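Structure, as structure tokens:
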Amino acid sequence: MSDDTVLEVAGLEVTYSTNRGDVKAVQDLDLSVRRGEILGIAGESGSGKSTLAVALLRLLKPPGRVTAGSVEFRPANRSPVDLLKVHGEQLRVLRWSALSYLPQGSMNSLNPVMRIQDQFRDVILEHAPERKEALSEMIPRLLGQVGLEPRVGRMYPHELSGGMKQRVLMAICVALEPDLVIADEPTTALDVTIQRVILQSLADLRRDFGVTLMVISHDMGVHAQLVDRVAVMYEGRLVEVGDVHQVFKDPRHDYTRQLIDSIPKLGRRPS
Amino acid sequence: MTATAPPAEAVEITAKSAARSGLRAWLSRHPLAAYALRRFGLYLVELWGALTVAFFFFRLIPGDPVRTLIQTLQQNYIYNQQASTEVIARYQHEFGLDGNIFTQYLKYMNKLILHGDLGPSLINYPTPAQNVILHSLPWTIGLLGISAVLAWVLGIIIGAVAGWRRGKAGSAIITNLSIALSHVPFFFVALILVYIFAYTLGMLPARSAYDSNISPGLSLDFIGSVLKYGLLPGLSIVVIGAFGWILSTRMLMVPVLGEDYLTYAEAKGLKPWRILTRYALRNCYLPQVTAFGISLGFIFNGNVLVEQLFNYPGLGTTLVTAIQQLDFNTILGVTDMAIFSVLTAVLLLDLLLPLLDPRVKYWK
Amino acid sequence: MSVIELEGVEQRFHARGTPDGYLTALKDATFTLHSDPPQIVSLVGQSGSGKSTIARNILGLQKPTAGLIKYDGKDIFKLSRAENDNYRRNVQPVFQDPYSIFNPFYRVDRVLWKAVKKFNLTRDRAKGLAMIEESLNAVSLDPANVLGRYPHQLSGGQRQRIMLARIHMLRPEFVIADEPVSMLDAQIRKTFLDILLDFRRDHGMTTLFITHDLSTVYYLGGDVMVINKGSIVERGAVTSVMHEPSHPYTRLLLDSIPPPDPDQRWTNRIEVDDSGDQTPATAPQEPVV
Amino acid sequence: MTMRVLTAVLRTVRDSRRLATGLVILALMVLLALFSPLIVHAIGNGHDPLELAAYEKWLVPSGDHILGTDQFGRDVLAMVVSAMSVSLQIGAIAGVISTVVGVIVAFVAGYKGGWVDGVLSTFTGILLVIPTFPLLIALSAYAKNVSLFRVGVMISIFSWPFAAKTIRSQVLSLRSRPYVDLARVSKARDLEIIGTELLPNLLPFIGVGFASSALGAIFGLVGLEVIGLGPGGVIDLGQIIFNAINTGALTLGAWPMFVVPIVLLTLLFAALNMVNIGLEEVYNPRLRGVAGE
Amino acid sequence: SGKGSYSDKPANKPAATKSVQIGKANIPTPRDQTVTIAQVEYTVFNSWNPFIPNGMAHAAGLETLAQEPMFLLNLATGELVNWLCTGYKYNDSFTELTFNFDPKAKWSDGQPLTSADFKFTVELLRDRKDLLGGGGDLSEFVKTVETPDPQTAVIKMTKATPRLHYGFIAAIAGPQYSVMPEHVWKGQDPTKYRANPPIASGPYVLKQAIQSQKMFVWERNPDYWNKDKLDPAPKYVIFQSTAKQLDSASLAFERAEFDVGSIDEQHAKQLRNTGYPSLVTTQFHDPNPRVFWLNNDPARGVMAEAKMHWAINYLIDREKIGNNIWPVKVPPAQYLWADYPSNDKWKNDELAAKYKFEFAPDKAVKLLDEIAPKGAGGKRMYQGKAISLEMITPSPVDGQEYAIGNLLKTELNKAGVPTTLRSLSGSVHDEKFQRGEYDIDSQWAGAAFDPEQMYTDWESSKAKKVGVNAVDKNKSRFRDPKMDELSAKLAQLDPTSAEAKPLLDQALEIYFQKLPLIPTIQTGYPSYFNTTFWTGWPTDDDLYQVPLNWWPHFVFVLGKLKATGQKGPA
Ligand SMILES: Nc1ncnc2c1ncn2[C@@H]1O[C@H](COP(=O)(O)OP(=O)(O)OP(=O)(O)O)[C@@H](O)[C@H]1O
Ligand SMILES: Nc1ncnc2c1ncn2[C@@H]1O[C@H](COP(=O)(O)OP(=O)(O)OP(=O)(O)O)[C@@H](O)[C@H]1O
Ligand SMILES: [Mg+2]
Ligand SMILES: [Mg+2]
């Protein structure tokens, strides 16, 4: 394992117990995330992408449980840990300052009864109380980074559009400059135009903060536009990992080809 | 019929916009003010409606309170005393029970609205009913009010924790305990408390509202004594009352737990207590605020048995005496006051709600 | 052959925060749908642009505040009972959200049986079952796998295809499909669109296809209308609109589709003012009474 | 339809242990109530154990009188058994009446909307804020000796608005569901939509409404008994408790007089509450846990 | 059975509690100088006007401690005591009544109590029919009141009666009319005046009425006018509401927080059986025996039959009622008055033996078979119609009168007379009762001074038709010309005179034959006293006074008390 690896997943297996028996949503999965890259996870619906994300984030709720594997997380300036073995306070401290999450449901991920700035404040004070003084400067700066005006800080979530909420979440995600951000379908619920803006902002984040991003999407177009490397999941297994150019040009796995082919192409001149 | 949309969905705009006056335009620019105005209008309608329903309800009950009273007096105090028709006629008039029911109604509403006068009480004739009520009300508010608030606060906190830690043993115990005990009558708990704390252990007084050696006033002694004497009756109400709130808070809490923002808060690495209070609880306690407003009305029922058991000088006993003697003015007065207070409390809460919860739809 | 005509349809709602207290969801919508020859007309636009409103208007679920919707020349809100039944028989929807279209209380078969019974397809149970199975097969669902299940036991794609099976069974002249694929992933989406195209070809159904996704529009072909903030800003054949968009909004939409080719990454940036969209689709405002 | 309802019921029962427990307790109590005349007869062994001065008064529990006798020399066990059935009856009567009225009002108001809703909701709102206790007491002071059924009716006059209010808001939220739209375009008429699309989904709320009205009635009756007003000619649990309190049974050591009825009432409340909570948990889609997203 | 009752064995207590655990009474006066009396739920605290409904705090001590009657009849001993007056006298034709007032008598504010006060009171009540207690006998009989001197008052009557003085004697509870201080009341509107604080003549004055403690504190008047005859030891007397629930109330008694009241027979029995040392129980009978009123109106069918009344009488199990229903063991009643020594003169044992009251269902069935034989359907028929009876009672369903009624109902049903029993409240009951819309009414009745007071109510002329309000007179709609005649004669006679005796006996026999009312039991009301702080209470062996604390006579009990020296807890 090289030094520039942030996350090393080995033999991960996640099982959901249902009344019709156990379902292995993730099986035998090995994956490493390099520092500073944007890694895309592709795959059709139900292939286990979200399950992988929540397992990594340790947000897996019953009936789901990790049944095998290890997840070595190597944050900068900290000693490496097995994410699957940390608990309680240790895990809580690790969260956000080292590992943050950009959820799929931007509609409901913000606390509806708190002003946006208070939701920033919450997480910053929790993990970096020493920055209390800097808060009034930090929040507008972070909002600006994702193209939002400072007044957004004083608004409530229901006063924002979906795209704005998604950008607020992005700003919160990078507030503490984490080592890794896991984004689960960051644009699925949005319009194409706004999707494009969000994709721009995500790219900016890497450029400006140097964060490592893991972006989950079933839209191959998104991967084509954004990621460096792409991993393709199929029925809980990783069928292919590789450089995005290589994967699109020369998919090694049949399924990957199907995935790419199934995108209706606009036969339109490039503008 | 099948093809038409529900009539409320679409609105005729054209006719409306033409007729839009200056005030209307102003109101549509200030939705909060419009909301407040509309809410206040509804308040007035409900107030009037409730007072009217209550009035007619009591007047249409068959029975003659004056005759009953005289009968009671005969039986209890003045043996073999007969009630002359003159006496009855006189008090029929005094209590506003003469004439047809609509003139009675007009007279009653007139006095009530213009003078805040509920008419003379029967249980303490000729003291006006409002004075009788106001005399016992502070004790009831003190006892029931404070216990109700305490029960509410405790219930919300414990209920929230129980919902939060759903699935844990402690939570299950609390929940099942609440299910079982939330309807045990107050007085039963009170009786047991008296038996243990007042008589077996001799720690706390079992009767009255304060030490009669201390004269009422704003002295520390008096307040201390009121607290000491109120502890047992209050405790019985708090204990049982809290169980009810625990149950309902838990029920409100559980769906909130499935919300994405809670998972997100957890992902943010916030401390559990913080997630519970700032994220979970804040999103579910609002219905409880309104429910509390409505439950305030029960204060006016007094808690008859607890008051009787502790010989507490509250409204409950007054009310029961009034009812036993069919003191219409007092009963109706208590009812009116309850209506007024509940409606006003709910009005205030409704006006406050947009401030407590930004999502509240105050335009409807 | 039948025609649905929209003439100057306008829909307003009471809403908070707008200057005059209401919001115009749809302005002066005028267009015609023909059943002969069967066509596919797409309606594209951003979230909140008024697409679903048009669908609800046409389906008679919402009476517009102004304008007329005519079926074979008659105002659909003034039809006689028999005419109304005929209209219903021939104009049927596929809705956006595959989750809430099913009553969670019942098994999914009920939707199909209802269609059989309400529209008198057959009185015979066995025949009805045969029809249902045929339709399910037509949308590549295994009847044995689907029948008898409760909605929450099926995936979104399966549910959406059951709605298609319903259409297949009813064979209406017009299908009003409101974003039927937005919740499905690419593969299932493609299957779905193919089924719709088959329906047109085999059963002569005209479809009003509502979507915010231009690539599906392109895939379907036919005609397209672009709607922005309640107004239809552009219309024409898909190929011409896609290749020579005349309205800047259409152009913006086209530019926002991520080309599935890592070598064709966007180089320029776009700016969108999305702060105006303050009403999340999940919380419809209530009209003031 | 009935089969479907039945399977739905079975499904919900299977899904919640709490619901099942509540239902079992309720069923046991109903059985006890149904057989109460037989049980009372058996206890009396030829005599009527509920007759005044049937036995010595204030007897301590013994083999002959498992729960002892009361101040009028009646067998407490027999009293409790027959009181149980009376309490259940009053709960059922008031529960059914107020639920039916509440549901009708709620559906009319919620589904029709407009001024009908305005008028009905305002009226419900008005009835909601009128404190019921004084009214009930005043009513029963006059209707003191009325039949159980009439007491039930009186109580439901005040309890239907609660049911109406909660159900109305549910109707409001349900009527804009897509499946209602789908039913409309499938030529379903208003009544059919209400009956087949909305009603089943409201069952848990109706159940909750029924349970709370029934509880309210039983509890309300206890409240009335306790200040000495109640239906005449019958003994209900509240009356036994009332007797116990008024005669100071606690200090006398006559614990069966209050412990047994209070335990029974508590058990009944708990059972109904468990059914309530169970239903809500089972029917709350968020808690049902849909697989995947 | 045979395992005994709860009160037979110690409940949750060691076998014999030899000492009293004294609780802290919540009173503002020194415990050892105070007598505490548990009483009813008070609602009035600031008004002492008896002429308006609830215008006066009843049973709060005024009638007992402050207001004094002109005469007292001690029903426990039969002795008539002159109190404010030194005597009364009729002229020979019973048209003039003279009262002589004690010259020492004075009000608590120092003003003398004179015949002018008496005149003021009588004239006020004579003229103001809208006052409670107004009108009535005073309007009917009083022409003028003359006061030749401050100690003498002469009532001139409009028609003759030997009974006008009854209204001024405290026999059953207080007297019907109490003398009011003219200097306080003059110029006041008697329908509004509160008379607060009360000015009266008795040995105690009101110190404090504490509403939030539901308590009245009375203090001994150092200037009391009649100290020679009455000088009670307790410096303070406190009347306080007790908890309505007997558990709490009896525990308070057990801890000697109350000296009087606050406990019932079962708990008292329990205390006695556990060796509680400080309980005195004193039996006393209510002036009114429990009674079934029977309707005599022919409109009620079979109920109008005297034989029916006797059948009912045979179905009353007085033994059972006295032993099992009434909270204390009480004797059966055969007369319509309490078994006080002073009432013995109205009895006639010969008649009582002739018309023996017994529980004899077979005799009842025989009588019933005579008047209402069973018809074809097995139902008893009277004049072609199946009979059924309607019984009412003003008592709540857990009350004793209801229970007594219930017992009779069961027997009637067994004897083939279907009967319903309904408990009605207040005016609903009153309305039915006064209008004669009942067959049997389970309640109470009694003669206060002499039987003629009842016989006069039974005159045929006062029997209205069923449905018409009897205005408190002939509610059982009894009609008997012989009785009318006797009553008219008795109205003019001193009931204790020799001429009256045979007339009274004749009337009694008519009553026994027809039974318009059937007495069941003497109404036993035991009083409970605690000897921890005070001794000298009346006992069953030494019943020197009526022991009821809401009767004026109770002040003489206070006069006999001695402090034990026991101090209250700090
Ligand atoms: N709570 C659960 N109980 C049982 N099975 C579950 C649960 N959650 C997910 N699954 C199953 O796990 C598998 C993977 O689900 P997951 O949500 O990870 O897919 P996904 O790739 O994120 O799909 P999508 O693109 O639709 O979000 C699916 O087969 C799903 O049915
Ligand atoms: N019942 C209603 N009451 C008030 N406003 C409404 C109502 N229905 C729709 N609107 C508003 O009308 C506008 C158009 O809504 P519509 O649902 O037609 O948009 P859409 O194009 O279908 O959007 P999406 O892609 O999100 O489904 C939106 O701003 C919406 O908030
Ligand atoms: Mg997912
Ligand atoms: Mg839409």
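Chains as they are written, first to last, in the numbering used here: chain G, 721 to 991; chain R, 34 to 397; chain D, 236 to 524; chain Y, 760 to 1052; chain Z, 76 to 645. Glycine is no exception: its CB is placed at the ideal position from the N, C-alpha and C atoms. Keep in mind the model is a prediction, meaning the values are calculated, not measured.
- Sequence-ordered contacts of the segment 841–858 of chain G with chain R read D842, V843, E846, H847 [C-beta pairs closer than 8 Å].
- Less than 8 Å separates the beta-carbon of Z/F146 from that of Z/C160.
- Within chain Y, the residues whose beta carbon sits less than 7 Å from that of R/G330 are V888, P890, listed in sequence order.
- For Z/M466, the uninterrupted beta strand (DSSP E) run begins and ends at 464–468, by DSSP.
- Close partners of D/V276 in chain G (Cβ separation under 8 Å) are lacking, with about 18 Å as the shortest Cβ gap.
- Below the 7 Å Cβ cutoff, chain G contributes A944, F968 as neighbours of D/D496, in chain order.
- When secondary structure is reduced to three states using DSSP, G/C893 falls in the helix class.
- DSSP places Z/W612 in the coil class of the three-state scheme, outside both helix and strand.
- Not a single heavy atom of ligand 2 lies less than 7 Å from the C-beta of D/A301.
- Excluding five sequence positions before and after Z/P622, the CB atoms of its chain that fall closer than 7 Å to its own CB belong to T357, F359, S602, P613, V632, given in chain order.
- Distances taken from the Cβ of D/A412 to the heavy atoms of ligand 2 include none shorter than 7 Å.
- Residue state for Y/E951 is assigned as helix, using DSSP reduced to three classes.
- For G/A891, the CB contacts under 8 Å within the same chain, skipping 5 residues up- and downstream, are F840, L862, L863, Q865, V866, L868 in chain order.
- Z/W293 sits in a strand when the DSSP states are folded into three classes.
- For chain R, the residues of the segment 874–897 of chain G that bring a beta carbon within less than 7 Å of one of its beta carbons are Y876, H878, in chain order.
- At a cut-off of 8 Å, the C-beta of Y/F831 has a neighbouring C-beta in chain Z.
- Between the segment 296–309 of chain Z and the segment 267–280 of chain Z there are three or more C-beta pairs closer than 8 Å, enough to call the two in contact.
- For Z/N175, the beta-bridge partners assigned by DSSP are Z/G162, Z/T227.
- In this structure, G/T976 has its CB at a distance of at least 7 Å from all heavy atoms of ligand 1.
- The C-alpha of Y/R909 is placed about 33 Å away from the C-alpha of R/L75.
- Residues of chain Y with a Cβ closer than 9 Å to the Cβ of D/S417 do not exist; the shortest Cβ-Cβ separation is about 14 Å.
- With the rule of 3 Cβ pairs closer than 8 Å, the segment 183–195 of chain Z counts as touching the segment 212–229 of chain Z.
- Between R/A87 and R/L352, the gap from beta carbon to beta carbon reaches 8 Å or more.
- Shown here, R/F230 sits in a helix according to DSSP, grouped into three states.
- When DSSP states are grouped into helix, strand and coil, Z/T111 belongs to the strand group.
- Contact between the segment 479–489 of chain D and the segment 428–446 of chain D is absent: fewer than 3 CB-CB pairs across the two stretches fall below 8 Å.
- Interface criterion not met: the Cβ of Y/E815 is under 8 Å from no Cβ in chain D.
- Not flagged as an interface residue toward chain D: G/L862, since no C-beta distance is shorter than 8 Å.
- Relative to D/L241, the option among D/R500, D/L449, D/A290, D/A365 whose CA is nearest is D/A290.
- A residue is called buried when at least 16 other Cβ atoms come within 10 angstroms of its Cβ; G/S856 does not meet this threshold and is exposed.
- Residue nearest to Y/G997 within the set Y/R936, Y/L1011, Y/I977, Y/A1013 is Y/I977 (criterion: CA-CA distance).
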